[in-house]
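Residue 1188 is where the sequence shown starts when you use our numbering, and the numbers rise one by one after that.
Backbone N, C-alpha and C define an ideal beta-carbon position, used for all residues, glycine too.
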Amino acid sequence: MADYTTLEQVKIRLKQFHIDDETSEVVFDSPKDNPLIEQLISQAKADIVAKRMYPDSYTDEKIAEDLKRFESVIVNVVVYDHSQSGEDFMANYSENGVSRTWRDRESLFVGVFPFAKVL
């Protein structure tokens, strides 16, 4: 399996890609959506950093390395947040007999725990 950037992983999950007929390579679509996705990635990373409560001794490099462990969480949160676009803070949705309920965003951060300091 190819190594994809976080942006590319999100675009795959959002089905913003196609396979080139000639080269059989993945081609990413909707470049106009990239700034929004990049902003959502930054926001998801910031949310994880806040939840992790890194000690002051942690350098930016250590934080970046630790965040790699949570890449799937970041992708899930970004896909969730992107799906909420245009529906900010909506609690529920119902139209023509179709009802939608959003999963609690916090449940996507399963496994993201703060650092514990041993005394």
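Endpoints, beta strand (DSSP E) assigned at Glu1282
Asn1279 to Glu1282
Proximal residues to Val1264 (C-beta, below 6 Å), its chain only, five neighbours per side dropped:
Ala1231 and Leu1295
Cβ pair count under 8 Å reaching 3, the segment 1202 to 1215 against the segment 1239 to 1258:
no
Evaluate Ile1206 with the Cβ neighbour count: other Cβ atoms within 10 Å of its Cβ, from every protein chain shown; 16 or more gives buried, anything less gives exposed.
exposed
With a threshold of 16 other CB atoms inside 10 Å of the CB of Asp1291, please say whether the residue is buried or exposed.
exposed
Using DSSP bridges, identify the partner residues of Ile1266.
The identity of residue 1266 in the sequence shown is Val, whereas the question assumes Ile. For Val1266, which the question treats as bridged, DSSP gives no partner whatsoever.
Let me check one thing: in DSSP terms, what residues is Arg1287 bridge-paired to?
Tyr1280
How about Val1262 and Thr1193: are their beta carbons less than 8 Å apart?
yes
Go ahead and label Asp1234 buried or exposed: buried means 16 or more other beta carbons lie within 10 angstroms of its beta carbon, across all protein chains shown.
buried
Spatial neighbours of Tyr1241 within its chain, please: C-beta separation below 7 Å, excluding the five flanking residues on both sides.
Ile1250 and Phe1302
Thinking C-alpha only, which one of Ile1224, Arg1239, Ser1286 and Val1285 is nearest Ser1270?
Ile1224
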